[in-house]
Amino acid sequence: MINIEGLRVEYGSKVAIENLNLEIKDGEIFGLIGHNGAGKSTTIKSLVSIIKPTAGKIFVDGLNLEENRLQIKNIIGYVSDSPDMFLKIPARSFLELIADIYGIDDDKRDERIEYLSEIFSLKNSLMGTIEEFSHGMRQKIFVIAALLSNPKIWILDEPMTGLDPQSSYNLKEMMKEHSKAGNTVLFSTHVLEVAEQICDRIGILSKGKLLFVGTMDELRATYPGENLENIYLDMVNTEHHLEIGEA
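Oh and the sequence shown: position 44 is 44 in full-length UniProt numbering, straight run, nothing missing.
Below, the structure is given as structure tokens:
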């Protein structure tokens, strides 16, 4: 379980996240929904210790993240929103490096690489350097790296971006299976249709503020008869108009 309490993130004079309180349960797929700049990636980067929040606390399975970073990192698989790292090395070498970091033995490593590269149709491309890959192929490599240790918690920032339809479908099915086993999946997206397909609950962010948390059915109940796109746009635009009025 992930608990976020009073999270605030500032970049200079800009407030990227403002007083975010959120609980993400074991055994669920939770989607962070929002347009570019809404605060999705900032929230995720706070969870995986890439950035240090200005204020607030994060707990994972009851452990304070600030005091237990390494222990918590060992149970998290993270996919960045920008698959542009380690470009100069072969994909296979990158995956082996990740396996070493997580302490995976060679036999298990090879088994997992074989299994995941088959799922994402990369089995015959692993000796190529990552910089030679298309954006979609790079995304697949970083998804494989995140899932290599079979971590309890998956934190995926726009994971479907660049994936071909079959790989996207396979990843969504894996997310469902992972949550059914009692694990946690948190992912961000700006595509409501994806969230509708697989999320148990969603949180809608706009300009660093959480506007809604709940199920898709609960979201629809707030605007009877409206489609999801109109509901989302109405929520975000209402927030924008309120800010203008307050100014």
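Every residue gets a Cβ at the ideal spot worked out from N, C-alpha and C, and that includes glycine.
Residue i, DSSP secondary structure in three states
i, result
"Val60", "strand"
"Ala181", "coil"
"Phe86", "coil"
"Thr189", "strand"
"Glu243", "Caution is warranted here: a pLDDT of 48 is assigned to Glu243, below 50, making its placement in the model unreliable, and no coordinate value can be reported."
"Thr54", "coil"
"Tyr78", "strand"
"Asn230", "helix"
C-beta contact flag for residue i and residue j at 8 Å
i, j, result
"Leu192", "Ile44", "no"
"Thr189", "Met160", "yes"
"Gly56", "Glu5", "yes"
"Phe120", "Ser168", "no"
Cβ neighbour criterion (16 or more within 10 Å) applied to residue i
i, result
"Glu178", "According to the sequence displayed, residue 178 carries His and not Glu. By the 10 Å Cβ count, His178 comes out buried."
"Ile58", "buried"
"Met175", "buried"
"Ala221", "exposed"
From the options, residue whose alpha carbon lies closest to that of residue i
i, options, result
"Arg69", "Asp234, Asp81 and Ile51", "Ile51"
"Lys25", "Asn150, Asn183, Ile76 and Gly208", "Asn183"
"Arg112", "Lys180, Ser13, Ala146 and Ala221", "Ala146"
"Gly162", "Ser80, Leu63 and Glu66", "Ser80"
Own chain residues within Cβ distance below 6 Å of residue i, not counting five before or after
i, result
"Lys152", "Ile75 and Asn183"
"Asp200", "Glu28 and Ile29"
"Arg109", "Ala99"
"Val60", "Ile2 and Ile72"
Residues near residue i by beta carbon distance below 8 Å, same chain, minus five either side
i, result
"Met216", "Ala195, Glu196, Cys199, Ile202 and Leu228"
"Gly214", "Arg201 and Ile202"
"Glu23", "Met1, Ile2, Asn3 and Ile4"
"Gly37", "Lys207"
"Val15", "Arg8, Val9 and Gly208"
"Leu148", "Gly77, Leu95, Ile98, Ala99, Tyr102, Ile104, Arg109, Arg112, Ile113 and Leu116"
Same chain, Cβ closer than 7 Å to residue i, neighbours up to 5 away in sequence not counted
i, result
"Glu18", "Arg8, Gly208 and Lys209"
"Ile130", "Phe86, Leu87, Ile89, Ala91, Phe94, Arg138 and Ile141"
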